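Report on the structure given below.
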Amino acid sequence: MTPNESFRVDPHVKVLDERVVRRAKRYGLDALVYAPHFTQLADVRAKAREHSDDELLVIPGRELFTGSWRNRRHVLAFGLDEPIPDFLTLAGTMAELRRQNAVVLVPHPEFLNVSLDRETIDRYRELVDAVEIYNPKHWAHHNRRARSIAASLSLPTFGSSYAHRERTVGEVWTAFERAIGGVDDLLTAFREGIARRVEHRSGAIHRLRSAAEFAHLGYENSVTKFDRLVLSGTEPTHPEQDYYEGRFDDVRVY
155 MTPNESFRVD
165 PHVKVLDERV
175 VRRAKRYGLD
185 ALVYAPHFTQ
195 LADVRAKARE
205 HSDDELLVIP
215 GRELFTGSWR
225 NRRHVLAFGL
235 DEPIPDFLTL
245 AGTMAELRRQ
255 NAVVLVPHPE
265 FLNVSLDRET
275 IDRYRELVDA
285 VEIYNPKHWA
295 HHNRRARSIA
305 ASLSLPTFGS
315 SYAHRERTVG
325 EVWTAFERAI
335 GGVDDLLTAF
345 REGIARRVEH
355 RSGAIHRLRS
365 AAEFAHLGYE
375 NSVTKFDRLV
385 LSGTEPTHPE
395 QDYYEGRFDD
405 VRVY
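In my numbering, the protein residues as written are 155 to 408.
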């Protein structure tokens with residue numbers, strides 16, 4: 155990338171393998187933030203490191219599930235120094251993110267029943283680095299509402315593929331209007347609200363891939379949820395796991 159080019163990052167993908175990396179490069183992305191569900195930070199870091207190279211920067215992240223299954227709120231974070239479990243109170247999660255000076259993004263605001271609403275984003279606005287205004291799981295009215303929320307709170311924005319499917323990678327990206335020199339530089343760009351554009355592909359193929367990504371919600375909330383809750387036992391990112399050394403017992407919800 156030359157100094158006059160933008161830096162294109164997809165700040166939220168759930169899938170990562172050699173095919174995803176090839177696809178990201180083919181579509182001109184410079185970086186991905188890999189933030190799979192219910193995966194311990196050490197494992198996310200290892201996989202991100204394995205797939206990062208001079209052409210594509212892969213950054214480990216976590217989409218944190220706050221609250222219980224009946225009252226979930228998702229927060230996207232990267233630049234973490236230490237692991238944070240799921241199923242903490244929102245206040246407990248945000249306090250830990252503040253302590254670590256992590257980059258804090260709001261994915262899919264007011265989307266279904268898993269998202270931060272305008273009032274909650276406003277409550278934590280000094281901690282929030284950007285609000286998502288476009289992803290393929292959104293319908294048009296979701297994107298309009300997200301843009302309205304970000305504008306009303308005067309917060310920076312981002313867009314992501316939110317890819318649970320390989321073929322969604324490369325459909326959406328956030329383009330920073332300056333060269334980015336590495337992970338620390340990218341974290342600074344988010345923290346300091348550096349100018350960026352939210353861009354995405356268009357046309358029939360984009361619409362089909364967006365529809366397929368939205369349809370994946372049905373699979374995620376039926377088959378995979380049954381596997382997690384019934385067949386697999388306690389989540390790897392549950393705060394009772396030894397990995398977290400009991401540090402969050404005072405703010406866990408169960």
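Think of the CB as a built atom: it goes at the ideal place given N, C-alpha and C, for glycine as much as any other residue. The structure displayed is predicted, hence computed values, not measured ones.
Rounded separation between A256 and G357 - CA only: Working through the sequence shown from its first residue, we reach residue 256 at position 102. Working through the sequence shown from its first residue, we reach residue 357 at position 203. Taking the straight line joining both Cα atoms gives about 36 Å.
In DSSP terms, what A284 is bridged to: Position 130 of the sequence shown, counted from the first residue, corresponds to residue 284. Paired residue(s): L259.
Close beta carbons around R177, own chain, < 8 Å, minus the five adjacent residues each side: Mapped onto the sequence shown, residue 177 falls at position 23. Result list for R177: E320, R321, V323, G324, in chain order.
Among A185, G246, A349, V407, nearest to A202 - alpha-carbon criterion: Position 48 of the sequence shown holds residue 202. Of the candidates A185, G246, A349, V407, the one whose C-alpha sits nearest the C-alpha of A202 is A185.
Burial state of T391, where buried means 16 or more other Cβ atoms lie within 10 Å: Residue mapping note: residue 391 aligns to position 237 of the sequence shown, counting from 1. By the 10 Å Cβ count, T391 comes out buried.
Burial state of F161, where buried means 16 or more other Cβ atoms lie within 10 Å: Position 7 of the sequence shown holds residue 161. So F161 counts as buried.
Alpha-carbon spacing of I359 relative to R216, whole angstroms: As a position in the sequence shown, residue 359 is number 205, starting the count at 1. As a position in the sequence shown, residue 216 is number 62, starting the count at 1. The straight-line gap from Cα to Cα measures roughly 29 Å.
L362 vs I213 beta-carbon contact at 9 Å: Reading the sequence shown from its first residue, position 208 is the one you call residue 362. Reading the sequence shown from its first residue, position 59 is the one you call residue 213. Their beta carbons are not under 9 Å apart, which means L362 does not touch I213 by this criterion.
Coil, strand or helix - L362 by DSSP: Sequence index remark: in the sequence shown, residue 362 carries index 208 (1-based). L362: helix per DSSP, three-state reduction.
Where G233 falls: helix, strand or coil (DSSP): In the sequence shown, counting from the first residue as 1, residue 233 sits at position 79. Coil, per DSSP.
Pick from N289, A333, K179 that is closest to A366, judged by C-alpha positions: Here residue 366 refers to the residue found at position 212 of the sequence shown. Comparing Cα positions, the closest option is N289.
Per DSSP, cross-strand counterpart(s) of R406: As a position in the sequence shown, residue 406 is number 252, starting the count at 1. According to DSSP, which records beta bridges pairwise, R406 is partnered with L242.
Cα-Cα separation, E159 to V337: The residue labelled residue 159 in the question sits at position 5 within the sequence shown. The residue labelled residue 337 in the question sits at position 183 within the sequence shown. The alpha-carbon atoms of E159 and V337 are separated by roughly 17 Å.
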